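Comments concern the structure below.
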Amino acid sequence: MTVAADASPTSVETEAPPRKRRLALPLAPYLQAAPLALILGAFLLLPIAAIVIVSFWDYDSVQIYPAFVTLNYEESLGSWVTWSTFLNTLKFVAIVWAITLVVGFWVAYFLAFHVRTSKMQTVLFLVCTVPFLTSNIIRMISWVPFLGRNGLLNSALVELGIVPAPLEFLLFSEFAVVLAMVHLYALFMVTPIFNTLVRIDRSLVEAARDAGASSWQILTNVIIPLAKPGIAIGSIFVVTLVLGDFITVRFMSGGQSASMGLMIANQISLLQYPAAAANAVALLILVLLMMAAILKIVDIRKEL
Amino acid sequence: MTDSTETPRGLDRRSLLKTGAAAAGVAAGSGAITGFPTIWAQNIKDVTLRQFGTGVSNLNAIAEKVKQDLGFTLQMTALDSDSVTQRTVTQPNSYDIADIEYWICKKVFPTGALQPMDVKKIKYYDKITPIFTTGKLTPESTIAQGTAPHTVTFVEAPGAKTFAKAPTEWMTLIPTIYNADTLGIRPDLVGRPIANWKDILDPKFKGKASILNIPSIGIMDAAMICESAGLIKYGDKGNMTEEEIDKTIAVLIEAKKGGQFRAFWKTFDESVNLMSSGEVIIQSMWSPAVTAVKSKGIPCVYQPLAEGYRAWGGGLGIGKNVKGIVLDAAYEYINWYLSGWCGAYLNRQGYYSACPSTAKEHMSAEEWGFWMEGKPAAAEITSPDGKPIEKAGAVRDGGSFENRMGKVACWNAVMDKDRYMVRKWNEFIAA
Chain A
1 MTVAADASPT
11 SVETEAPPRK
21 RRLALPLAPY
31 LQAAPLALIL
41 GAFLLLPIAA
51 IVIVSFWDYD
61 SVQIYPAFVT
71 LNYEESLGSW
81 VTWSTFLNTL
91 KFVAIVWAIT
101 LVVGFWVAYF
111 LAFHVRTSKM
121 QTVLFLVCTV
131 PFLTSNIIRM
141 ISWVPFLGRN
151 GLLNSALVEL
161 GIVPAPLEFL
171 LFSEFAVVLA
181 MVHLYALFMV
191 TPIFNTLVRI
201 DRSLVEAARD
211 AGASSWQILT
221 NVIIPLAKPG
231 IAIGSIFVVT
241 LVLGDFITVR
251 FMSGGQSASM
261 GLMIANQISL
271 LQYPAAAANA
281 VALLILVLLM
291 MAAILKIVDI
301 RKEL
Chain B
1 MTDSTETPRG
11 LDRRSLLKTG
21 AAAAGVAAGS
31 GAITGFPTIW
41 AQNIKDVTLR
51 QFGTGVSNLN
61 AIAEKVKQDL
71 GFTLQMTALD
81 SDSVTQRTVT
91 QPNSYDIADI
101 EYWICKKVFP
111 TGALQPMDVK
121 KIKYYDKITP
131 IFTTGKLTPE
141 STIAQGTAPH
151 TVTFVEAPGA
161 KTFAKAPTEW
171 MTLIPTIYNA
181 DTLGIRPDLV
191 GRPIANWKDI
201 LDPKFKGKAS
211 ILNIPSIGIM
221 DAAMICESAG
231 LIKYGDKGNM
241 TEEEIDKTIA
251 VLIEAKKGGQ
261 FRAFWKTFDE
271 SVNLMSSGEV
281 IIQSMWSPAV
291 TAVKSKGIPC
301 VYQPLAEGYR
311 AWGGGLGIGK
321 NVKGIVLDAA
331 YEYINWYLSG
341 WCGAYLNRQG
351 YYSACPSTAK
361 EHMSAEEWGF
371 WMEGKPAAAE
381 ITSPDGKPIE
391 KAGAVRDGGS
401 FENRMGKVAC
411 WNAVMDKDRY
421 MVRKWNEFIA
431 A
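Residue numbers (full-length UniProt numbering), protein chains in the order written: chain A, 1 to 304; chain B, 1 to 431.
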């Protein structure tokens, strides 16, 4: 029916009013998709296109010039700094992902299987979100006086005689960066995993038990496979957040450690927009590759 | 003290932006009615001068005093120095007065974003300290390396893109504020006298030192350190060769890998926190940051060093499109700036004013003695807003104006190899 309508749309509209309704039907999905398409087009695709274009422009210390040069990519990808920064960023991603995954699954499992009433589950879940009532900068900065050389933790350890001198590695170190990131991002892992765990049909667990499975076998053969979509979604959150992070790295490492995001932020502050854009494109490609890998392993739509 | 003035400014900026468009309309409208000098006195009250610049001199107290003394509105926007540079060049219609540093001037004036000022209209031109005109504080002084202000202060004529070698009738910036920077230390924790820039590399301070992570300034501090340690001999610290940049960065990377630095700082507040928490006991610092640490009751000294100071200076420039009554107001404002009240205000913050003789008239003898002559304070010294900062008998770190500004080793600079330097600096931070 749509074929006929499409063939002579104007005549249909004017001559046959009853069929107009049927004509409107194929338009409906487009209209429904239009708001999102417009928003994504204006606020995602256009900016990304602009970044890609600017990444080929030339610049000096005050201005950028429209051009087509690959120098920004050559300087960026040809430098060991970029590669070591990439590796450093990936190292943070791997460590933070592993820790948040264990912690996130642990917390979600407790909430979903050990807390009996759904009211209590909700209450405890809300408790998890309490830290989010403050901004993440505040949550991060609050570690500084706690971990510092003369901070709470070091004073306590020294006074109790556990260590002879303050532990220097606690602040302005990669340890501090990872600690703050785990603190900031663990909830992004808890939420989706909790969400999938509570939806697991308890009769499956009972059936496994009846069939003689041990608790460990139930966990590895029933619960974890069913929790995969939640794990995948949580991983996407954590991986992208850590890949793009710059403020945590800067504050918690005292500016001594680098990440891709920090490198881009530095270049922007020095007005080297084309160089920053080139690095942003490289980072975007990396993020997309990691997303593709995660989605390749877990088909979120199928298993939800 | 800068701290306290900065906080409300952030809030103000939002409301300033809101009124910005309206103000621009007013400014444009009043610009259209030039040629009626008889009604000038009334019209100038409607003028809004839009000034933007770095945090140091965008002080609300100045805007209030301008309204009171001159009748028109001075609208201030504070940005970091990189954004200032960019805005000067790319948005010349968004401001009337650019409050920029001299090294920024070297970058932006050749782009034609600013118009030179007629020296004949500058009432206090003769009283401007010779640092900005001939480059010599006293006839015997040697001129420091780097972008010395007098080298970018004059052009031959309006429209010129290159700087004149000697004073002319046309000035690019009217100097307003300048200072000599050095290392800040915690005298209670360093445990030995600090006399040289190289002391920051002393293994004794391992994990307790810091330098600032702003490439164009940090590289100059690094150069002072390397030269002091005898590691590198520079042709001109303010304009290094690629080889000199490589060597300097190599020294920094080695120190970083050896764990010499506790952290790098980028903002004023960070440097204050590092110092007052005791994380760092020797570091690059700015003078108001030292005062901020002291005001918490923590000992901190802005230590004079044998090799001399790294100096910086800022000034006011007029945007290229400013004309008519707004231009008149701009000159009026600049003449007011140099006439003394403002200079005294800046001197009391520990900076220096461009016309010391006019500022002196607005300061008490004790204040002048403490801040400018290096004498022990005859009475308690207070900040411009009245907070006590030094007890009677205290002496300013580094002593008198001549002692401090006479020992400038280099000025903040823009190098020909700027882009290369920034890339190398990023390697240091990533290493």
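Every residue, glycine too, gets a C-beta built ideally from N, C-alpha and C. All of these numbers come straight from a predicted model, not from anything done at the bench.
query = Applying a beta-carbon distance threshold of less than 8 Å, which residues of chain A neighbour I143 of chain B?
reply = One-based indexing of the second sequence puts residue 143 of chain B at position 143. The premise fails here: I143 of chain B is roughly 24 Å from chain A at the closest Cβ pair, so nothing lies under 8 Å.
query = According to a CB-to-CB cut-off of less than 7 Å, which residues of the stretch 170 to 192 of chain A neighbour chain B?
reply = F172
key: Interfacial residues, the stretch 70 to 92 of chain A to chain B, with Cβ spacing under 9 Å   = E75, S79, W80, V81, T82, S84, T85 and N88
key: In DSSP terms, what W265 of chain B is bridged to   = Numbered from 1 along the second sequence, position 265 holds the residue referred to as residue 265 of chain B. B:L212, per the DSSP bridge assignment.
query = Buried or exposed: D385 of chain B, going by 16 or more other Cβ atoms within 10 Å of its Cβ?
reply = Taking the second sequence and counting its residues from 1, one reaches residue 385 of chain B at position 385. So D385 of chain B ends up on the exposed side.
inquiry  = In the DSSP output, what is E242 of chain B paired with across the bridge?
reply    = As a working note, residue 242 of chain B is residue 242 in the second sequence. Answer by DSSP bridge pairing: none, since E242 of chain B is not bridged.
key: CB of T248 of chain A within 9 Å of CB of A292 of chain A, strictly   = Taking the first residue of the first sequence as position 1, residue 248 of chain A is located at position 248. Taking the first residue of the first sequence as position 1, residue 292 of chain A is located at position 292. No.
request  = Could you name the residues of chain A that T54 of chain B contacts, counting a contact when the two beta carbons are closer than 8 Å?
outcome  = As a working mapping, residue 54 of chain B is identified with position 54 in the second sequence. Within chain A, no residue has its beta carbon less than 8 Å from that of T54 of chain B; the closest one is some 14 Å off.
Local conformation of P26 of chain A per DSSP, three classes = Within the first sequence, numbered from 1, the residue matching residue 26 of chain A stands at position 26. Note: P26 of chain A maps to helix in three-state DSSP.
query = In chain order, what residues of the same chain have a beta carbon less than 7 Å from the beta carbon of G212 of chain A, not counting five sequence neighbours either side?
reply = As a first step, residue 212 of chain A is located in the first sequence; it is residue number 212 there, counting from the start. Within the same chain, and ignoring the five residues on either side of G212 of chain A in sequence, no residue has its Cβ closer than 7 Å to its Cβ.
ask   = Applying the criterion that 16 or more other CB atoms from any shown protein chain within 10 Å of the CB defines a buried residue, is A263 of chain B buried or exposed?
value = Indexing the second sequence from 1 puts residue 263 of chain B at position 263. When all chains shown are included, A263 of chain B counts as buried.
request  = Please say whether I232 of chain B and E242 of chain B have beta carbons closer to each other than 9 Å?
outcome  = The residue you call residue 242 of chain B lines up with position 242 of the second sequence. The residue you call residue 232 of chain B lines up with position 232 of the second sequence. No. Outside cutoff.
query = Between S94 of chain B and chain A, is there a C-beta pair that is closer than 9 Å?
reply = Working through the second sequence from its first residue, we reach residue 94 of chain B at position 94. No, S94 of chain B lies away from the interface with chain A (no Cβ there is under 9 Å from its Cβ).
task = Kindly list, in the order they appear in chain A, the residues whose Cβ is closer than 7 Å to that of N213 of chain B.
result = Residue 213 of chain B sits at position 213 when you count from the first residue of the second sequence. Simply G255.
query = In this structure, what does DSSP give as the bridge partners for Y352 of chain B?
reply = In the second sequence, residue 352 of chain B corresponds to position 352, counting from 1. Y352 of chain B pairs with B:Y178.
message = Considering just the uninterrupted stretch of the alpha helix (DSSP H) at Y337 of chain B, what are its terminal residues?
response = Indexing the second sequence from 1 puts residue 337 of chain B at position 337. G324 to L338 is the extent of the alpha helix (DSSP H) around Y337 of chain B.
key: Positions along the stretch 249 to 273 of chain B whose CB lies within less than 9 Å of some CB in chain A   = K256, G259, F261, R262, A263, F264, W265, K266, E270 and N273
query = Are the beta-carbon atoms belonging to G406 of chain B and L173 of chain B less than 9 Å from one another?
reply = Here residue 406 of chain B refers to the residue found at position 406 of the second sequence. Here residue 173 of chain B refers to the residue found at position 173 of the second sequence. Contact: no.
Neighbour list for E101 of chain B in chain A, Cβ cutoff strictly below 9 Å = The sequence position of residue 101 of chain B within the second sequence is 101, counting from 1. What E101 of chain B touches in chain A: nothing, since even the nearest Cβ is about 14 Å away.
message = Within 9 Å of any Cβ in chain B, is that where the Cβ of S269 of chain A sits?
response = Position 269 of the first sequence, counted from the start, is the residue given in the question as residue 269 of chain A. At least one chain B Cβ lies under 9 Å of S269 of chain A.
ask   = How about V163 of chain A: is its C-beta nearer than 9 Å to some C-beta of chain B?
value = Numbered from 1 along the first sequence, position 163 holds the residue referred to as residue 163 of chain A. Not one chain B Cβ lies under 9 Å of V163 of chain A.
ask   = Would you call the stretch 350 to 362 of chain B and the stretch 143 to 152 of chain B touching, i.e. three or more CB-CB distances under 8 Å?
value = no
message = If I measure Cβ to Cβ from A377 of chain B and keep anything under 8 Å in the same chain, skipping five residues before and after, which residues do I get?
response = Position 377 of the second sequence, counted from the start, is the residue given in the question as residue 377 of chain B. Contacts found: E366, G369, F370, E390, K391, A392, G393, A394 and V395.
message = Considering just the uninterrupted stretch of the alpha helix (DSSP H) at M372 of chain B, what are its terminal residues?
response = Within the second sequence, residue 372 of chain B is the residue found at index 372, counting from 1. M372 of chain B -> no alpha helix (DSSP H), and no H or E assigned at all.
message = Please report the straight-line C-alpha distance between C342 of chain B and A306 of chain B, rounded to a whole angstrom.
response = Stepping through the second sequence from its first residue, residue 342 of chain B is reached at position 342. Stepping through the second sequence from its first residue, residue 306 of chain B is reached at position 306. Cα-Cα distance, rounded: 32 Å.
message = Please tell me whether L243 of chain A and T89 of chain A are closer than 9 Å, where the distance is taken between their beta carbons.
response = Here residue 243 of chain A refers to the residue found at position 243 of the first sequence. Here residue 89 of chain A refers to the residue found at position 89 of the first sequence. A contact, by the Cβ cut-off of 9 Å.
request  = On a CA-only basis, which of A:S142, A:F110, A:V93 and A:R202 is nearest F125 of chain A? Give me that one, please.
outcome  = For this step, residue 125 of chain A is matched to residue 125 along the first sequence. Comparing Cα-Cα distances from F125 of chain A to each of A:S142, A:F110, A:V93 and A:R202, the minimum goes to A:F110.
ask   = Whose Cβ in chain A lies nearer than 9 Å to the Cβ of E373 of chain B?
value = What you label residue 373 of chain B is simply residue 373 of the second sequence in a count that begins at 1. Simply none; closest approach about 38 Å.
query = Which runs of the beta strand (DSSP E) spanning at least 3 residues fall entirely within the stretch 45 to 102 of chain A, listed in chain order?
reply = none
message = Among B:K204, B:Q86 and B:F261, whose alpha-carbon lies nearest the alpha-carbon of G255 of chain A?
response = For this step, residue 255 of chain A is matched to residue 255 along the first sequence. Taking only the C-alpha atoms, the option nearest G255 of chain A is B:F261.
query = Starting from residue 435 of chain B and walking both ways along the beta strand (DSSP E), at which residues does that stretch end?
reply = What the structure shows of chain B is the stretch from 1 to 431, and residue 435 of chain B is not part of that stretch, so it cannot be assessed.
query = Hey, A223 of chain B and I44 of chain B: beta-carbon distance below 9 Å or not?
reply = Walking along the second sequence from the start, residue 223 of chain B turns up at place 223. Walking along the second sequence from the start, residue 44 of chain B turns up at place 44. Contact: no.
key: Beta carbon proximity, R186 of chain B to chain A, threshold 9 Å   = The count along the second sequence starts at 1 and reaches residue 186 of chain B at position 186. Not closer than 9 Å to any Cβ of chain A, the Cβ of R186 of chain B fails to qualify, so no.
query = N239 of chain B versus chain A: which residues are under 7 Å apart at the beta carbon?
reply = As a working mapping, residue 239 of chain B is identified with position 239 in the second sequence. Going along chain A, no residue has its Cβ under 7 Å from N239 of chain B, so there is no contact; the nearest lies around 14 Å.
query = Going by C-alpha distance, which of B:E101, B:W103, B:I104 and B:T111 is nearest K320 of chain B?
reply = The count along the second sequence starts at 1 and reaches residue 320 of chain B at position 320. Looking at the Cα atoms, B:T111 is the closest of the given residues.
ask   = Closest by CA to P356 of chain B, which one among B:Y124, B:G317, B:N58 and B:P299?
value = Translated into positions along the second sequence, residue 356 of chain B becomes position 356. The shortest C-alpha separation from P356 of chain B is found at B:Y124.
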